[in-house]
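Down below is the structure, laid out as structure tokens.
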Amino acid sequence: MSMSVPLILQDDCELGAKETEDGIENDFAYRNNVAQATKLVRLGFIRKVYCLLSAQLILTTIVGAVCMFTPPIQEFIHRNDWLMLLAFITSIATIIALHIWRKSTPTNFILLGIFTVVMAYSLGVTISYFSQAVVLQALLLTIAVVVGLTMYTFQTKRDFSALHSTLFAGLFILIIGGFLQIFLQSTAFEILLSLGGALIFSLFIIVDTKLIMEHLSPEEYILATINLYLDIINLFLYILRILQAARS
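Heads up, the final residue of the sequence shown is numbered 250 in this note's numbering, and it's a clean run with no missing numbers.
Put into structure tokens, the structure is as follows:
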């Protein structure tokens with residue numbers, strides 16, 4: 003089951019079309035969406051999102067590697083399952099706080115750091131139960147898919163915003179399917195469920211990348227970063243499950 007779901011709905015996007023000769027300052031003051039902002043603001047917003055996302059993914063990779071390759075740490079996290087529950091509660095609380103204070107600097111950066119550490123720990127604990135070969139394969143496949151989808155989205159002119167409701171319906175089906183799998187314990191159903199999850203979060207990467215490029219306010223970089231981060235993490239987890247189930 004996915005660790006969490008994307009945060010930004012279409013209603014969260016602050017749209018507008020008011021711009022004056024003052025340039026950058028008024029782009030932020032009037033909260034224009036990225037597509038209507040000046041080129042400088044648009045590029046700055048995209049650069050900020052992907053720099054923060056890169057930092058999150060690097061930290062997550064480091065924490066995951068430590069959990070996987072350090073036996074004493076593996077033993078500690080396996081003996082203290084309650085830490086995963088604490089991490090889950092903390093991640094939910096941090097998401098709520100980020101939604102409230104997403105534009106309050108430096109509070110939003112502090113909350114983003116806490117959220118990333120908690121998610122990195124949760125992922126590290128998860129992958130510590132898988133073989134190193136499977137994790138590496140899942141990592142490489144995830145990188146290939148994310149890079150390919152991002153390049154495609156930056157080049158295409160298609161509008162994917164209509165997919166939002168369909169994708170969230172798909173998430174609901176995944177949750178129900180994950181609950182059923184607890185009782186079924188079927189390898190075939192696990193592969194089917196994981197393939198569906200990988201497809202849904204691949205589409206989420208496209209949709210959320212389009213949001214970053216065209217629909218979000220330049221001030222929404224924190225939530226944009228979290229959306230893409232969660233899309234990538236969930237895609238990785240579903241690919242990991244596919245590979246593990248295929249081996250079984």
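Here a beta-carbon is modelled for each residue, glycine too, at the ideal position from N, C-alpha and C. The model shown is predicted, which means the values in this text are computed figures rather than measured ones.
Run through DSSP, which three-state label would residue i get?
| i | result |
| --- | --- |
| P108 | coil |
| E221 | coil |
| D290 | Beyond the ends of the chain as shown, which are 3 and 250, falls residue 290; an answer cannot be given. |
| Y52 | helix |
| Y131 | coil |
| A122 | helix |
| F162 | coil |
| D83 | coil |
| T92 | helix |
| A31 | The pLDDT assigned to A31 is 44, lower than 50, so where the model puts this residue is not dependable; a value taken from the coordinates is nonetheless given after this. Note: A31 maps to helix in three-state DSSP. |
| Q187 | coil |
| T72 | coil |
| S167 | helix |
| T40 | coil |
| S250 | coil |
Excluding the 5 residues preceding and the 5 following residue i in the sequence, name in chain order all residues of the same chain whose CB lies nearer than 6 Å to its CB.
| i | result |
| --- | --- |
| V136 | L245 and Q246 |
| A122 | L61, T62 and V65 |
Just to confirm, are residue i and residue j a CB contact at a threshold of 7 Å?
| i | j | result |
| --- | --- | --- |
| L151 | I214 | no |
| F206 | D233 | yes |
| A89 | S124 | yes |
| S196 | Y240 | yes |
| A146 | L242 | no |
| T227 | V51 | yes |
| T96 | W103 | no |
| S280 | T189 | In this structure the chain extends from 3 to 250, so residue 280 is not present and cannot be described. |
| V120 | T92 | yes |
| F156 | K212 | no |
| L237 | T107 | no |
Beta-carbon within less than 7 Å of residue i's beta-carbon, same chain only, minus the 5 sequence neighbours each way: which residues are those?
| i | result |
| --- | --- |
| I193 | I244, A247 and A248 |
| I224 | L100, R104, N110 and L114 |
Just to confirm my understanding: we take residue i, look at its own chain, exclude 5 residues before and 5 after, and list those with CB closer than 8 Å. What are they?
| i | result |
| --- | --- |
| I202 | L169, G172, L173 and L176 |
| Q183 | F191, E192 and L195 |
| V68 | I75 and G126 |
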